[in-house]
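Data block below; observations after.
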Amino acid sequence: MSASVILIKNVHLIDPSQSFSKAIDVLISGGIIKKIGKDLSDASARIIDADGLIGCPGFIDLHCHLRQPGFEHKETIASGSAAACRGGFTTICCMPNTNPALDNAGAIDYVMKTAASEAPQVNVLPVGCITKARAGKEIVEMSELAGAGCVAFSDDGSPVSSSRLMSLAMENAAGLGLPIIDHCEDLDLSEGGQLHDGWVAARLGMKGIPSAAEESAVARDIALAELTGARLHITHVSTRGAVELIRNARLKGLPLTADVTPHHLTLTEERVISRPDHAGAPLAYDTNAKVNPPLRTASDIEALILGLNDGTIDAIATDHAPHADEDKLCEFEIAASGISGFDTALGVLLTFLDGKIALDTLVACLTSGPARVLGIGASGAGTLKTSSPADMVLIDTKKVWMVEADAMLSKGKNTPYLGQQLKGMVAATLHRGELVYAGVPERISR
Amino acid sequence: MTEKVLLTSSDIERALIRIAHEIVERNKGAKNIAFVGIKTRGVPLAQRLAGIIQDMEKVEIPVGSLDITLYRDDVSSLNFKHVVQQTNVPFDITDRQVVLVDDVFYTGRSIRSALDALIDLGRPETIQLAVLIDRGHRELPIRADFVGKNIPTARNEEIKVFLKETDGTDKVAVVSVEGENNELK
Amino acid sequence: MSLSEVKQGTAGQETLPSLSIDLWHHRHVLDLDDFTREEIDLVFEIADGMVEVLSRDVKKLPTLRGKTIATMFFEPSTRTRASFELAAKYLGADTVGLDAVRSSVAKGESLIDSLRTLQALEVDAIIIRHPCSGAPYIAAEHLETSIINAGDGCHAHPSQGLLDMYTLRRKLGDLKGCRIVIVGDIMHSRVARSNIWGTRGLGIKLVLCAPPALMPHGMAAMLEKCGLQHVSIEPDINNALQDADVVMPLRLQKERQQSGLIASIREYIRLYQVNNERLKRAQPGVIVMHPGPINEGIEVSRDVAYSSYSVIEQQVTNGVAVRMALLYLIAGGKSR
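Chains as they are written, first to last, in this note's numbering: chain Z, 98 to 543; chain W, 7 to 191; chain D, 8 to 343.
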């Protein structure tokens, strides 16, 4: 519990859980939201002048890769959390495709203990595997993992190709009341594919991944969810067809949820073939734009934005996937897939979706939406209701900055936004009432 | 840049007629002579010389054209490259008296390249050199056997040869240029 | 006939060089998509000069004496590699050849590290063939040395595209209105892609014909996006070959059946083989080209491959001349 008292003055508060959106003061004490009102004062408080800043609950990321244990050269729980914290995330769910995979209680325990000691500035919630070693052959002991602290199950990085196994997993997870997060990909259709199966693939002479590879897997999962009554969450949706399938399933009343990444909302397949700083040079085969599912078309982006706006998609998750330089500085077909997202997520969303998605919606997708998916809203996550834990982020929506590799806190510099000018940045992050990141010391007294 | 005409059309014609006579005299007849003109302007000159001798001696004289770009000794050091054109010597030069023809004889490097190129094509009995203009400043120990006109020049001057076949008119002019002259002549 | 003969209309008349060498701005030859029409003509004009050299007994020039050309082939190849090495040697350059195996499983030394070694050895140009599309582009971005692409994955094979067009130009002269049909595995063909780019601006109509699973889904969109109006897609081989002036069957690799992209070789032959019967629909003087090596009896029938229609042998000779022209343009002149 934190002993400090913090008073945030004149902040434009956006809290979708309370339908609250005006300029107000927030008093934080003892690690929780003490009071929200106009003209608050407290003699013992540190004052943060938040005039001109947006304040909202700390972001919750449903999907990230912290790479520890096993791939510490790409990222560690500590470095990933530092990047997340500065990116405005106070709760992050890390995926189990580590080495060893998080398929047993001991591994889950390891992550939680490491996070507690080395990354106290964010809440790290581990996601457990669905199958042992993510091999797709045998289900894990779900109750054991749940007992150790995992908040959901996923084989992410991979789908669960066996429908029988997925059905079994869904039944077990439903019994525990935890969601199954699925990476929807039909491996037969996507095999050998490097990027979206469109004109860029034809141009660059590489095999493409058709939208059908995602859509057929989504359709299968929806049918299984209907069969088993599971809480199914579809992660990193990328196609128009997938959005339509999810929308129709929701209309039928299925407890289905979905998330989309900032890069799928803002970049198309064309980003592979050209880099902003590469004008006039020969073709770029930019591995920083290599991601799974791949960047697709303008039409898909349109459908994804619509999906966010009409509630079909509940959350924005980064799918933060850091890689070491040598994993990306090679032939496209050999390069690792994935985009390092924590450092740029907010800036990208504010810069490129301005006018397309309301700020309130964006905030909801980063806070109350993910909280609802995980079912942790009740414990005060994703909200700033009085007495809830003081996880909060202050945002300067006007700050212009350039994405530079050296300035990124993640070890992974693999982002297609390198050299991009963005507008919007986290000014400060609070976790459990503590100021864990202060980018604007000039606004803070004492 | 100032241009001064040194030879008119008739001057050129007279020089060529004289050279043709000299060639026949030196070689004791026209039998076995072949002309090889160095591209570009050496070729029409060679054709004219062959024509004059053909009329005189009533013998068919073969004419070939030689592109020396690929034999230049300065390919590796130039900042720019020359366009490669086709060499066309459609007869066997072995055992012949080959007369190389060029328009302007200067440092001698072109002729050295031409000798290399010629020797790759066969083994002439003799190689002789006929030039329209000799402007001096030799850098290699090569001499011309037949010269149309000797025109001593300064290094910053350039001799420009115009021929009907390539330029629409016949004349030889001297031009003074400021700055570097990169021409290999 | 040579380019200048084409331009003059008569052979033998003396002309000044028709194209200026200042046109040439490339440090690398990666693909034909960034070559202008004039630059391609320049390569052809120089190749004409090289063809003459190749007709001599002594095929040796001093032009690139003292230069070293390295070939780095990450994919097996006998003909293209031999062609480039001969081209370099005929120009008087020294050559050094490196073989490297590249598979996604056996990673070994990274591409850039392998190439940096060559750069440290101060070679004047590196000729690369690699199974991954885009590999030469990485090389070009990270090295000072000039890179010539001898084939990268399914993406490009610029010297092949050039020699194909050069062969047609020498054989037919003006190519305006010429209907060229490429038949076969377009999906995996870097030759087809380079020919798509190399045939721009000549008045050529290029037709692509492939079994459905061997035509990239995004091809039509790509043609439109890149403004390649001279290219069309025709799935029916009989329609495609109608009135064709030139037919280029592509090699069908046996792996395509194994990966299920075609039902069987037999069916492919039945539906897509270029044979005498099908060629009846083409123009009477139809020319057959092939990038080689040929699978006799599969994509092209034996009698067609060795008939008088075929210019396959000329492609090989012209290949050396075109590659000599490229090496002259890339490696001639001061080292950077």
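Backbone N, C-alpha and C define an ideal beta-carbon position, used for all residues, glycine too. On a predicted model such as this, the values are computed, not experimentally measured, just so you know.
Not one beta carbon of chain D lies nearer than 7 Å to the beta carbon of A478(Z). Scanning its chain for C-beta atoms nearer than 7 Å, with the 5 sequence neighbours on each side dropped, one finds around S259(Z) the residues G233, in chain order. Within a 10 Å sphere around the beta-carbon of V11(W) sit fewer than 16 other beta-carbons, which makes this residue exposed. Taking all protein chains shown into account, F152(W) has 16 or more neighbouring C-beta atoms within 10 Å of its C-beta and is therefore buried.
Taking a cut-off of 8 Å on C-beta distances, the segment 260-278 of chain D does not touch the segment 322-341 of chain Z, as fewer than three cross pairs fall below it. Pairing G104(D) with A322(Z), the inter-Cα distance amounts to about 58 Å.
A buried status is given to S126(Z), since no fewer than 16 other beta-carbon atoms sit within 10 Å of its beta-carbon. Per DSSP, S308(D) is not a residue of any alpha helix (DSSP H), being assigned neither H nor E. For a Cβ distance threshold of 7 Å, residue set P69 of chain D lies close to D122(W), ordered along the chain. Setting aside the 5 residues that flank it on each side, E539(Z) has no residue in the same chain whose C-beta is closer than 8 Å to its C-beta. DSSP places D252(D) outside both helix and strand once states are collapsed to three, so it counts as coil. Take K496(Z), set aside five residues on each side of it, and the residues of its chain with a beta-carbon closer than 6 Å to its own are M522, in chain order. Taken through DSSP and simplified to helix, strand or coil, H35(D) comes out as coil. Look at R300(Z): its C-beta is under 7 Å from a C-beta on chain D. With respect to M296(D), V318(D) sits close: the two C-beta atoms are nearer than 7 Å. For P223(Z), the enclosing beta strand (DSSP E) covers residues 220-223. Around the beta-carbon of Q518(Z), fewer than 16 other beta-carbon atoms lie within 10 Å, marking it exposed.
In the three-state scheme derived from DSSP, where H, G and I count as helix and E and B as strand, C462(Z) is classed as helix. Burial is judged here by how many other beta carbons sit within 10 angstroms of a residue's own beta carbon; P219(D) has fewer than 16 and is exposed.
Beta-carbon to beta-carbon, I134(D) and F91(D) are separated by about 5 Å, close enough to satisfy the 8 Å threshold.
Residue pairing of S153(D) in beta bridges, as defined by DSSP: A132(D). Look at D294(Z): its C-beta is under 7 Å from a C-beta on chain D. Comparing alpha-carbon positions, the option among I331(Z), M499(Z), G295(Z), V460(Z) lying closest to R317(Z) turns out to be I331(Z). Within 10 angstroms of the beta-carbon of H420(Z) lie 16 or more other beta-carbons, which makes it buried. Take D101(D), set aside five residues on each side of it, and the residues of its chain with a beta-carbon closer than 6 Å to its own are T75, in chain order. The continuous stretches of alpha helix (DSSP H) do not include S196(D), and DSSP gives it neither H nor E.
Note: M522(Z) is bridge-paired with D493(Z) in the DSSP secondary-structure output. Residue pairing by DSSP leaves R86(D) without any beta bridge partner. Between K37(W) and the set L51(W), R161(W), I157(W), P68(W), the nearest pair of CA atoms involves P68(W).
When rounded, the separation of the alpha-carbon atoms in A202(Z) and G244(Z) is 8 Å. A straight line joining the alpha-carbon of L403(Z) with that of D440(Z) spans about 25 Å. Against chain Z, the CB of A157(D) has no partner CB under 7 Å away; the residue lies outside that interface. In terms of CA proximity to L324(Z), L265(Z) leads the group E366(Z), L265(Z), K229(Z), R529(Z). Any Cβ of chain Z closer than 7 Å to the Cβ of A228(D) would place that residue at the interface, and such an atom is present. When 7 Å is used as the limit between beta carbons, G180(D) is near no residue of chain W, the shortest such separation being about 16 Å.
Take the alpha-carbon of N345(Z) and the one of C462(Z): they are about 20 Å apart.
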